[in-house]
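The structure under discussion appears below in the form of structure tokens.
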Amino acid sequence: MSDRVIHVEELVREYPMGGEKVLALRGLTLSIRRNEYVAIMGPSGSGKSTLMNLLGCLDTPSGGDYWLNGQEVSRLTDDALARVRNKEIGFVFQTFNLLPRASALHNVELPLVYAGVGSRERRERAVRALTRVGLQNRMHHRPNELSGGQRQRVAIARALVNEPSLLLADEPTGNLDSTTSEEIMRVFSELHAQGQTIVVVTHEPSIAAHAERVVVLRDGKLDSDTRNRAAA
Amino acid sequence: MLSCSMPIREAFRLALQSVLGSKLRSFFTLLGIIVSVAFLVAVVAVIQGMNAYVKDTMTGAMIGTNAFQVRRLPIAIGLLSDEELKAIQRRPKLTMDDAEAVRRALPDAQAISIQSGWPTPTSDISHRNNTVGDVMIFGVTPDYQLVLDYRFAAGEPLSDPDIRERRPVAVVGSEVAEKLFGTAERAIGQRVRLAGREMRIKGVTARKGRVLGQSFDGFALIPISTFEAIYGRRLTTTVSVKMRNPEEIAGAMDRAQEAMRLSRHLRPAEVDNFTIDKADALVNFWRRLTKVLFTVIPAVVCIGIVVGGIVIMNIMLMSVNERTREIGIRKALGATRRDIRRQFLIESLVLATLGGIFGVAAGWGLSVVVSQFTPLPARITGWSVAVSLLLGAGTGVTFGVYPAARASRLDPIAALRAE
Ligand SMILES: Nc1ncnc2c1ncn2[C@@H]1O[C@H](COP(=O)(O)OP(=O)(O)OP(=O)(O)O)[C@@H](O)[C@H]1O
Ligand SMILES: [Mg+2]
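Top to bottom, those sequences are chains A and B.
Using the numbering used here, the letters of the first sequence correspond one by one to residues 1 to 232.
Using the numbering used here, the letters of the second sequence correspond one by one to residues 233 to 651.
Here's what the structure looks like:
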């Protein structure tokens, strides 16, 4: 096993649509190393979200292979995938996806609950994760008592709390204004500086500019893969 | 990777939170279970209460212990069909000759009495300005006082000469004496008006207590000869026989039957035109009644529980539907199918068990109300409470399986996209 966190080869994902099939990914090959910070761009419908769902083990490919940290995960069962998501992956969504009736703290504790961590350790680690994203003063607020940027920070804290080897974010700033977006991107840059491997999907070049490497998809295929000269 | 599973305690906490989060909805969801369980607990409590009373007091107080009766009609007359009833309506009254025949056949009996039967007439008893209303008047022979084991608080029992000479004398229950004269002693020798006649109180019995809210001390015993002079001979005149030991009863009943058939000149082919009933005929009657109740109750409770269970299943399906996104989030964060299944199963278990608990509480309250405001006694039994709680929990699990399985099989991406 090298230091490759992600290796996908000839990845295919087709969706049945009526009698036909929609090919969302048509043979994509890509590797991402530990501590890389990658932005994925491309026009709408090019397969970015499809790819992220596969990388996040929320979905399984119709063809091709996916090795996560050297483990083949493209043919695992539902429950085995759930465990991989729990241990290896932190996912940040455009729409935050927080439990509305639970406090920030409880939302962040959730992955630890499913990891079987005891309540004391759970509490400590959740507090630490929230502190990391600067929300130590908002731990007992519910999502509707927080601003959009704060909600996304809670979601980031939740993604980090299990110390995943991979942090995935699908348009994390899609629902935020530009100032708040910058704040969130600063959090990502800090995490990257601390050694976190990050993959972010975005439409905005200014957001992509924070990454070290930009991968562009087109029609479910790799269009370009470039290194930013001046990574932020 | 092996420890990836939500602890049970966490699942229970979540379930309680979710159930209490919408209290009104939970309450209405549970109405079926609450009503069924309350019904079960209350009815069983009343039956058990009656059982205890019937066994402990009623038979002793009304027929006497170690006793049987020779009657025109059976005690458990309520269980006869119309035809049977019509057939036995033609039976002759019991007479002094019948009693004499039984007495001759049973020289070993401790007591043999004749007394006026059901329905017992009532009369006011008054002394100067004091009146006690609705006192039951029994016309009896002296042995009746032995059959019912009456003890005397004051004075003396009715005697054979009282009967022979048709004397205007009475033995009254302690309640009558106390109401009219304050104490039993002061009642002795007093003249009272009873059924329009002047009578002298010669004895007061010791307290027997209450059954079904009815006092057994509000009566007057008068010589049967005096009684028949007032009320006439009644269709239900009854002969009571008291033996010394319970083992003697079966044999004594056979001999009494034989003597009765001889006395009435029945041919071998003819059926008895009288009935010999033991004290436990009443208990048996009651047992048969409760047996019927105990087959009806489970049916009613079952229907209620099934309806309640289907309501729970529907509410749980609705809840799964409403919380599709939550399920998606949990799955995305690493919840396995088992975690999700367990979460919803425990939720419906908690919900239904709460229904069981509320049902038991309501049933308990209902039995208290019944025993307070009606003469029916009630006694809560452990097993009906246990059965109720198990029923509640079982319903929750049974009807929660399908919604929980549905929730656990949701696809995380589709679930996350739900609104
Ligand atoms: N569940 C689905 N069923 C059918 N087709 C789908 C499904 N999900 C995605 N697709 C199709 O797959 C293609 C890629 O979709 P995807 O969501 O990956 O695009 P995207 O790059 O994320 O676009 P956007 O920038 O608009 O988010 C699209 O043509 C889309 O219509
Ligand atoms: Mg997308």
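In this text, a Cβ means the ideal position worked out from N, Cα and C, and glycines have one as well.
Going by Cα to Cα distance, which pick from B/S640, B/L256, B/T352 is closest to B/S463? At residue 463 of chain B the sequence reads Tyr, which differs from the Ser that was named. Closest by C-alpha distance to B/Y463, out of B/S640, B/L256, B/T352, is B/T352.
Are there any heavy atoms of ligand 2 lying less than 7 angstroms away from the beta-carbon of B/K563, as far as the coordinates show? No - ligand 2 has no heavy atom lying nearer than 7 angstroms to the Cβ of B/K563.
Please say whether A/V5 and A/L25 have beta carbons closer to each other than 8 angstroms? A/L25 places its beta carbon 8 angstroms or farther from that of A/V5.
Pull up the distance between the alpha-carbon of B/C236 and that of A/I40, whole angstroms please. With a pLDDT of 42 at B/C236, under the threshold of 50, the modelled position of this residue cannot be trusted; read the value that follows with caution. Roughly 31 angstroms separates the two Cα atoms.
Consult DSSP for B/K325 and reduce its assignment to one of helix, strand or coil. In this structure, B/K325 counts as coil in the three-state DSSP scheme.
How is B/V633 classed by DSSP in three states: helix, strand or coil? In this structure, B/V633 counts as helix in the three-state DSSP scheme.
Out of A/L30, A/R34, A/F93, point me to the one whose CA is closest to A/Y66's CA. Comparing C-alpha distances from A/Y66 to each of A/L30, A/R34, A/F93 shows the shortest one belongs to A/L30.
Under 7 angstroms: does the beta carbon of A/D219 sit that close to some heavy atom of ligand 2? A/D219: no, Cβ never under 7 angstroms from ligand 2.
Cβ contact (3+ pairs, closer than 8 angstroms) linking the segment 83–91 of chain A and the segment 538–553 of chain B: The segment 83–91 of chain A is not in contact with the segment 538–553 of chain B.
Any chance the CB of A/D223 is under 7 angstroms from a heavy atom of ligand 2? No, ligand 2 has no heavy atom inside 7 angstroms of this Cβ.
Near-chain B residues of the segment 81–102 of chain A (beta-carbon distance less than 8 angstroms), N- to C-terminal order: Among the residues of the segment 81–102 of chain A, those with a Cβ less than 8 angstroms away from any Cβ of chain B are A82, R83, R85, N86, K87, F91, F93, N97, L98, L99, R101, in the order of the chain.
With a threshold of 8 angstroms between beta-carbons, can B/L565 be considered close to chain A, or not? At least one chain A Cβ lies under 8 angstroms of B/L565.
Kindly indicate which three-state DSSP category B/P393 falls into: helix, strand or coil? Assignment of B/P393 by DSSP, reduced to helix, strand and coil, places it in the helix class.
Does any heavy atom of ligand 2 sit closer than 7 angstroms to the C-beta of A/D59? No, Cβ of A/D59 sits at least 7 angstroms from all heavy atoms of ligand 2.
Member of B/V251, B/R641, B/P324, B/V602 whose CA lies at the smallest distance from the CA of B/R466: The shortest Cα separation from B/R466 among B/V251, B/R641, B/P324, B/V602 belongs to B/P324.
Can you tell me whether A/D78 sits near ligand 2, meaning its C-beta is under 7 angstroms from at least one heavy atom of the ligand? The beta carbon of A/D78 sits no closer than 7 angstroms to any heavy atom of ligand 2.
Which residues, in chain order, does the segment 112–142 of chain A contribute to contact with chain B at a C-beta distance below 7 angstroms? Look at the segment 112–142 of chain A: the residues with a C-beta under 7 angstroms from a C-beta of chain B are V113, Y114, A115, G116.
So B/F244 and B/I578 are supposed to be a Cβ contact under 8 angstroms. How far apart are they, rounded? Indeed they touch by this definition, with Cβ atoms about 6 angstroms apart.
Can you tell me which residues form a DSSP beta bridge with B/K510? DSSP output for B/K510 lists B/F300 as bridge partner(s).
With DSSP as the reference, identify every bridge partner of B/F451, one or two as the case may be. B/M368.
Could you check what DSSP says for A/G195 in three-state terms: helix, strand or coil? Coil, per DSSP.
Short of 8 angstroms in beta carbon distance, which residues of its chain neighbour B/D340, apart from the five on each side in sequence? Order them along the chain. Closer than 8 angstroms at Cβ, skipping near neighbours: M475, R476, E480, A484.
Along the segment 627–649 of chain B, where does the CB come closer than 7 angstroms to a CB of chain D? Name the residues. No chain D appears in this structure, whose protein chains are A and B.
Confirm the yes/no value for this check: CB of A/M41, any heavy atom of ligand 1, distance under 7 angstroms. A/M41 Cβ: outside cutoff for every heavy atom of ligand 1.
Would you mind stating whether B/F631 and B/I544 have Cβ atoms separated by less than 8 angstroms? The answer is yes: Cβ separation under 8 angstroms.
Cα-Cα separation between A/M139 and B/G560, rounded to whole angstroms: Approximately 23 angstroms between the Cα atoms of the pair.
Within the same chain, show all residues whose beta-carbon is closer than 8 angstroms to that of B/P656, passing over the 5 residues directly before and after it, in chain order. No answer is possible for residue 656 of chain B: it lies beyond the span of chain B, which begins at 233 and ends at 651.
Residues that B/H359 bridges to, as DSSP identifies them: Looking at the DSSP assignment, B/H359 forms a beta bridge with B/N362.
Any beta carbon of chain A sitting closer than 8 angstroms to that of B/R569? B/R569 counts as touching chain A.
Per-residue DSSP class, three states only, for B/V275: Helix.
Per-residue burial, B/E417 [other beta carbons within 10 Å of its own, 16 or more giving buried]: Within 10 angstroms of the beta-carbon of B/E417 lie fewer than 16 other beta-carbons, which makes it exposed.
Interface residues of chain B facing A/D59 [CB-CB closer than 7 angstroms]: Ordered by position in chain B, the residues that pass the 7 angstroms Cβ test against A/D59 are I645.
Using a threshold of 7 angstroms, is the CB atom of A/A208 nearer than that to any non-hydrogen atom of ligand 1? Checking every heavy atom of ligand 1 against the Cβ of A/A208, none is found closer than 7 angstroms.
For A/K48, verify whether its CB is less than 7 angstroms away from any heavy atom of ligand 2. A/K48: yes, Cβ under 7 angstroms from ligand 2.
Nearest chain B C-beta to A/L68 closer than 8 angstroms, yes or no? A/L68 does not count as touching chain B.
Using a threshold of 7 angstroms, is the CB atom of B/A270 nearer than that to any non-hydrogen atom of ligand 4? Ligand 4 is absent from the structure shown, which contains only ligand 1 and ligand 2.
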